[in-house]
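Chains as they are written, first to last, in this note's numbering: chain A, 76 to 460; chain B, 2 to 383; chain C, 463 to 649. Ideal Cβ placement from N, Cα and C applies to all residues, glycine included. Below you'll find the structure, written out as structure tokens, and then a few comments.
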Amino acid sequence: MRKVAVVGAGLTKFVRRSLETGKELSYEASKMALDSCGLTLKDIDCVVFGSAPDAFDGMHMKGEYMLDGSGGFRKPYMRSYVGGGTGVFTPIQGWYHIASGLFDSCLVVCEEKMSTLRPHPQGAFLTIFDHTLERPLEPNLLWIFALEMNRYMHEHGLSKKDIALVSVKNKKNALDHPCALLAQEITVEDVLNSEVLAWPVQRLDVSPITDGAGALVLVSEEKAKQITDKPVWIEGVGWNLETSYWTNRDLYYPKQVEYAARMAYEMAGIKDPRKEINIVEPYDPFDYKELHHLEGLLFCKKGEAPKLTREGVTKRDGDLPVCPSGGLLGVGNPIAAAGLMKICEIFWQLRGEAGARQVPGTPKRGLAQAWGDLMQVGTVIILGR
Amino acid sequence: MRKAAIVGMGYTVPQTITPQLSYREMIFEAAVKAYENSGIHPKDVQSFICVSEDFLEGVSIFDEYVPDQLGANLKSVHTISADGIFAIISGFLQILTGKFDIVLVEAHSKASNILNPNEVIAFAQDPVYNQPLRLNPHYIAGLEMNRFLYSSGNTREQCAKVVVKNKKNALKNPLSAYPAKIEIEDVLNSALLSDPLRKMDKSQHADAACVFILASEKIAKSITPNPIWIKGAGWCSDDPSLETRNWDEAVYAKLSARQAYKMAGIQNPKQINLAEIDDSYSYKELQHLESMGLCRKGESGLLLEEGYFEHDGSLPVNISGGNLGAGFLFEASGAFKIVELILQLSKEAGCRQVKNASLGLAQVWRGVPTATGAVIILERED
Amino acid sequence: MELKGIGLEEEIFKISKKSEKSMKMEFKGVSLKESDFKEKKILSLENKPNLKYAWDTGVAIGRFLAELKQGRLIGRKCCKCRRIMIPPRMFCEVCFKPNDEWIYLKDKGTVNTFSICYVSWDMQKLKEPQIPAVIEIEGASKMMGILHLLGEVEPKEVKIGMKVKAVWKEIDKREGAITDIKYFKPI
């Protein structure tokens with residue numbers, strides 16, 4: 076199979092409400108990614124774009140509207156979409172564009188401007204539920220996370236304390252991220268004393284509403300060698316979608332993430348992810364999700380991720396740094412852009428360019444994962460040096 | 002380079018309304034037929050690609066609701082926010098990587114469930130410059146048609162002739178929702194939408210679902226003796242902004258055709274035997290034909306009058322009836338153009354069969370206000 | 463075969479590795495405050511779309527809603543995998559075939575998981591918390607639940623595994639909707 080490398084990355088600051096429009100955020104991230112590897116838009120053969128529901132932007136076919144800001148003008152341009160999993164899926168789409176042999180370079184852009192929607196961006200999530208059977212109950216997005224979190228805690232007998240540690244760790248890691256929105260030093264008690272939104276979900280368990288964008292430059296092997304001495308290779312990709320009848324399955328375990336991970340591990344030739352992967356950026360829109368996903372990604376047995384966290388294994392200087400970026404909890408959660416931020420982080424970490432966030436040693440391989448839809452889609456990318 | 006083919010398909014009949022079926026049930030029917038048609042079992046499919054746009058479904062993140070009816074639970078599934086042809090192209094790319102041998106593509110329309118489609122289409126315009134004008138969104142087609150007639154020299158009557166031809170073609174196509182025998186005057190006398198565009202110049206919505214099975218060269222022949230090969234594909238977006246767009250020609254169609262011809266090794270577009278072209282509005286068929294080099298600039302209207310694009314002409318165009326005759330299926334519009342090409346190339350088009358059809362082209366446009374389209378070239382190898 | 467762009471620029475890639483920027487990253491993005499809008503420092507347009515849909519319920523959900531109006535829950539059974547499914551569907555997504563029978567289910571069930579929600583969808587504080595739950599319906603296969611609300615129960619009394627029963631709207635107020643069940647209450 077044709078090898079595909081990441082050679083450039085760009086990110087905007089993550090903010091609650093940006094001055095820039097979605098197009099402008101896309102442009103800033105794209106420009107930074109291109110500049111970082113000394114390319115211009117002329118060097119780009121095709122563009123892929125990722126963004127979550129159109130409802131945030133208050134427009135139909137937002138991929139069409141965003142395309143000039145993303146460099147798609149008069150180029151082959153396509154928008155992929157897997158809900159919250161989009162940020163990691165869009166680079167996979169870029170990967171198959173280049174791996175197909177038809178293109179040598181691809182600009183991958185992920186953007187989210189959630190603040191456009193009033194009175195509250197959460198409103199977009201009213202319409203993700205089944206229009207006939209669920210929407211009349213006026214469900215709110217917190218419900219499904221709370222229902223899943225409760226099931227996870229119940230199954231493994233976990234306490235909120237076990238879970239709050241993730242929030243503490245990630246928000247602290249984010250102090251070193253120049254793009255972060257919610258970086259702060261907090262304690263487990265702060266999390267446990269924060270406002271209860273939808274038990275067991277409390278205010279500090281949740282990532283914030285955010286505006287932001289990210290971009291990557293992907294190229295073929297021969298092109299990568301011309302561009303850089305430090306290409307980062309896409310070694311494995313995986314994605315998986317489970318039934319939409321979410322009330323018909325046990326939410327305590329993200330099977331779709333496991334299946335996506337197995338697909339990526341097989342492609343990358345990984346037998347034991349715990350030993351063969353050095354950094355992980357699992358999707359952490361809520362603190363328990365990091366734990367849920369570490370289990371789904373097979374880094375530990377079911378129910379054991381809290382133990383890894385408690386023992387400090389997942390700290391930035393631990394044996395398996397998890398969300399050294401600060402994750403969605405700390406850096407922010409502009410949905411599609413948040414997934415891409417995780418890939419940027421692995422890219423910078425593997426190249427030794429993560430600055431104050433750099434993990435010790437010389438990591439050789441990292442994994443980024445996102446997740447979404449009605450708690451049913453998993454997307455995974457493995458990057459290596 | 003690797004090759005990929007379409008080895009099976011299933012569809013429901015486009016209809017003006019489909020109250021008897023939910024979208025899930027409609028897609029299930031198309032999927033079962035595609036599996037039956039190809040002899041493939043869902044568990045053999047390695048990747049599933051669906052198309053949808055949230056506001057056409059009235060559901061945010063419609064990707065959530067696709068797997069069950071395709072037998073795709075716990076499989077690699079993703080959505081493309083574009084026409085079905087874009088999904089076929091994505092499947093094609095995935096197969097070319099060498100990692101996938103069987104890919105399923107799904108497209109559907111439940112247009113009848115949208116109670117005010119003009120509001121939805123208007124909602125795709127630039128929110129600052131265009132939406133506040135509160136115009137019926139078909140004004141954009143009116144603007145473009147006016148400029149097209151001016152710069153190409155084609156006539157209003159010739160555009161009306163497109164409607165007559167396509168609705169007549171649809172009379173022979175059981176997969177059509179708007180077949181009719183009409184005269185040019187009927188079009189010219191229909192109500193004005195946005196001068197020069199009239200009501201009958203615009204295609205009308207229909208509901209349907211469509212599923213394709215794509216396979217790699219390695220296994221295509223083991224699935225069917227006559228795979229339909231994807232020889233070329235192109236897709237492109239021109240300027241999203243109405244203010245700065247080139248209104249003289251369909252740049253997206255020109256560039257995507259150029260990409261597809263190059264891939265297919267086509268030196269002269271005349272090599273193509275039949276074409277299914279986007280005709281969401283009557284003038285679009287002529288404009289697209291000219292932009293893609295299937296005839297010279299300014300000639301499409303005359304050729305149409307001479308019968309060049311008729312069933313027995315040199316380049317039969319929209320033998321299915323196109324969007325005007327078969328129905329506008331939103332993101333499934335391109336998919337039904339592919340259905341027609343496959344039936345024709347497989348010599349299964351019955352009374353519509355075009356003689357010696359071996360190389361066919363399908364083209365779509367994503368409708369107003371976009372300037373995005375795709376082209377795909379299919380071939381039967383004897 | 464190789465395609466570079468689509469023919470607008472035919473010039474060949476000219477890249478030197480020297481052009482790779484040294485890593486001094488500069489991140490763009492300007493943060494606004496709510497007050498910037500209130501004080502009209504930032505202009506913005508408001509638009510409330512008028513979008514309307516009427517979704518076809520089809521065979522399975524159509525029947526399900528009609529039964530709700532009668533005060534009954536109904537599911538579908540697949541004779542191959544023997545699963546009894548709710549919400550009903552006309553095909554079995556596991557066996558990938560049409561499923562076989564309508565089966566009436568009890569209007570009772572078990573709480574699979576629940577939440578106690580203190581905020582509305584737009585993050586406003588609720589006077590009384592809502593208790594959404596996934597309720598596994600009696601008579602359907604294990605794990606076959608539906609989303610609904612719990613009522614007539616103190617939030618702190620709610621437990622996973624608790625048995626609950628549907629509380630229906632009065633018959634003349636039912637309209638063939640999931641809200642024909644007001645909520646589920648403990649048995």
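If you follow the beta strand (DSSP E) that residue i is part of, which residue opens it and which one closes it?
{"i": "T454/A", "result": "V452 to G459"}
{"i": "F204/A", "result": "Looking at the DSSP string, F204/A is not in any beta strand (DSSP E), and its letter there is neither H nor E."}
{"i": "E186/A", "result": "S180 to K188"}
{"i": "H610/C", "result": "G607 to L612"}
{"i": "K338/B", "result": "Where K338/B is concerned, there is no enclosing beta strand (DSSP E), although the alpha helix (DSSP H) it sits in stretches over S334 to L346."}
Quick check on the burial criterion: 16 or more other C-beta atoms within 10 angstroms. Buried or exposed for residue i?
{"i": "K483/C", "result": "In this predicted model, K483/C has a pLDDT of only 46, less than 50, meaning its place in the structure is not dependable; the value taken from the coordinates is given anyway. With fewer than 16 Cβ atoms within 10 Å of its Cβ, K483/C is classed as exposed."}
{"i": "Q268/B", "result": "exposed"}
{"i": "G430/A", "result": "exposed"}
{"i": "K500/C", "result": "exposed"}
{"i": "G289/A", "result": "buried"}
{"i": "C724/C", "result": "Beyond the ends of chain C as shown, which are 463 and 649, falls residue 724/C; an answer cannot be given."}
{"i": "S481/C", "result": "Bear in mind that a pLDDT of 44 at S481/C, under 50, signals an unreliable position, so the number given afterwards is only what the model happens to contain. It is exposed - the Cβ of S481/C has fewer than 16 other Cβ atoms within 10 Å."}
{"i": "Q453/B", "result": "Lying outside 2 to 383, the shown extent of chain B, residue 453/B is not represented and no answer is given."}
Along chain C, in chain order, which residues have C-beta atoms closer than 9 Å to that of residue i?
{"i": "K88/A", "result": "F489, K490, G491, V492 and S493"}
Note down, in chain order, each residue of its chain lying with its Cβ closer than 8 Å to the Cβ of residue i, except the 5 sequence neighbours on either side.
{"i": "H312/B", "result": "N170, I320, R353 and V355"}
{"i": "T156/B", "result": "L150 and G302"}
{"i": "I622/C", "result": "V573, N574, T575 and F576"}
{"i": "I643/C", "result": "L530, D569, H610, A628, V629, W630 and K631"}
{"i": "D102/B", "result": "Q47, I96, A216, S217, K219 and I220"}
{"i": "D129/A", "result": "H135, M136 and K137"}
Residues in its own chain within less than 7 Å of residue i by CB, not counting five upstream and five downstream?
{"i": "H206/B", "result": "A112, S113, P118, G328 and F329"}
{"i": "D498/C", "result": "I504"}
{"i": "Y340/A", "result": "G311 and P348"}
{"i": "D187/B", "result": "M201"}
{"i": "R367/B", "result": "A83, D84, T373 and G374"}
Using a C-beta to C-beta distance shorter than 9 Å, which residues of chain B count as neighbours of residue i?
{"i": "I504/C", "result": "Per Cβ cutoff of 9 Å: no residues; I504/C is ~13 Å from chain B at best."}
{"i": "F164/A", "result": "H79"}
Could you spell out where the alpha helix (DSSP H) holding residue i opens and where it closes?
{"i": "M27/B", "result": "Y24 to S39"}
{"i": "G99/B", "result": "No alpha helix (DSSP H) holds G99/B; DSSP gives it neither H nor E."}
{"i": "A209/B", "result": "No alpha helix (DSSP H) holds A209/B; the beta strand (DSSP E) holding it covers D208 to S217."}
{"i": "F526/C", "result": "G520 to K531"}
{"i": "V157/A", "result": "Note, V157/A: premise wrong, no alpha helix (DSSP H); not H, not E."}
{"i": "C160/B", "result": "R157 to L172"}
{"i": "N574/C", "result": "Not the alpha helix (DSSP H): N574/C falls in the beta strand (DSSP E), residues K570 to F576."}
For residue i, collect the residues of the same chain with a Cβ closer than 6 Å to its Cβ; drop the 5 residues on either side in sequence, then sort them by chain order.
{"i": "G138/A", "result": "F124 and R154"}
{"i": "G607/C", "result": "N574, V596, I597 and E598"}
{"i": "L217/A", "result": "L272, A273 and V276"}
{"i": "I468/C", "result": "Only weak support is given to the placement of I468/C: the predicted model assigns it a pLDDT of 44, under 50, and the value that follows is read from those uncertain coordinates. Cβ within range, chain order: n/a, list empty."}
{"i": "T285/A", "result": "F89, L256, G407, N408 and P409"}
Note down, in chain order, every chain B residue with its Cβ under 7 Å from the Cβ of residue i.
{"i": "K514/C", "result": "L116 and N117"}
{"i": "P617/C", "result": "Result: empty, since nearest Cβ-Cβ is about 29 Å, beyond 7 Å."}
Residue i versus chain A: which residues are under 8 Å apart at the beta carbon?
{"i": "V252/B", "result": "R149"}
For residue i, return the contacting residues in chain A, with the cut-off set at a CB-CB distance below 7 Å.
{"i": "G607/C", "result": "T322 and N323"}
{"i": "F553/C", "result": "Here the premise fails: no neighbours, minimum Cβ distance about 12 Å."}
{"i": "S497/C", "result": "Here the premise fails: no neighbours, minimum Cβ distance about 11 Å."}
> If you pair each beta-carbon of the region 127-136 of chain B with each one of the region 266-278 of chain B, do three or more pairs fall below 8 Å?
Replying inline: No contact exists between the region 127-136 of chain B and the region 266-278 of chain B.
> Between the region 88-102 of chain A and the region 299-317 of chain A, do at least 3 Cβ pairs fall closer than 8 Å?
Replying inline: By the Cβ rule, the region 88-102 of chain A does not count as touching the region 299-317 of chain A, because fewer than three pairs are nearer than 8 Å.
>> Is it the case that the region 482-502 of chain C contacts the region 77-89 of chain A, given that we only count it when at least three CB pairs across the two stretches are under 8 Å?
In response: Contact between the region 77-89 of chain A and the region 482-502 of chain C is present, because at least three Cβ pairs lie under 8 Å.
> Should the region 202-220 of chain B be called in touch with the region 14-22 of chain B, which here means at least 3 C-beta pairs below 8 Å?
Replying inline: Yes, since at least three Cβ pairs between the region 202-220 of chain B and the region 14-22 of chain B fall closer than 8 Å, the two stretches touch.
> Do the region 227-239 of chain A and the region 389-397 of chain A meet, that is, are 3 or more Cβ pairs less than 8 Å apart?
Replying inline: Verdict: no, contact absent.
>> Within 8 Å, do at least three Cβ pairs link the region 422-438 of chain A to the region 141-157 of chain A?
In response: Result no; under three Cβ-Cβ pairs closer than 8 Å.
>> Would the region 440-459 of chain A count as touching the region 23-40 of chain B if we require 3 or more Cβ pairs under 8 Å?
In response: With the cut-off at 8 Å, the region 440-459 of chain A and the region 23-40 of chain B do not touch.
>> Can you confirm whether the region 312-324 of chain A touches the region 607-621 of chain C when touching is taken to mean that 3 or more C-beta pairs between the two stretches lie within less than 8 Å?
In response: Enough Cβ pairs lie closer than 8 Å, so yes.
>> With three or more beta-carbon pairs closer than 8 Å as the criterion, would you say the region 2-15 of chain B touches the region 415-427 of chain A?
In response: Judged by pairs of C-beta atoms under 8 Å, the region 2-15 of chain B does not touch the region 415-427 of chain A, as fewer than three such pairs exist.
> Touch check for the region 241-254 of chain A and the region 399-407 of chain A: three-plus C-beta pairs under 8 Å?
Replying inline: With a cut-off of 8 Å, the region 399-407 of chain A and the region 241-254 of chain A count as touching, because enough Cβ pairs lie within range.
>> Whether or not the region 510-527 of chain C and the region 41-55 of chain B are in contact is what I'm after, with contact meaning three or more pairs of Cβ atoms, one per stretch, closer than 8 Å; do they touch?
In response: Note that the region 41-55 of chain B does not touch the region 510-527 of chain C; fewer than 3 beta-carbon pairs, one per stretch, sit closer than 8 Å.
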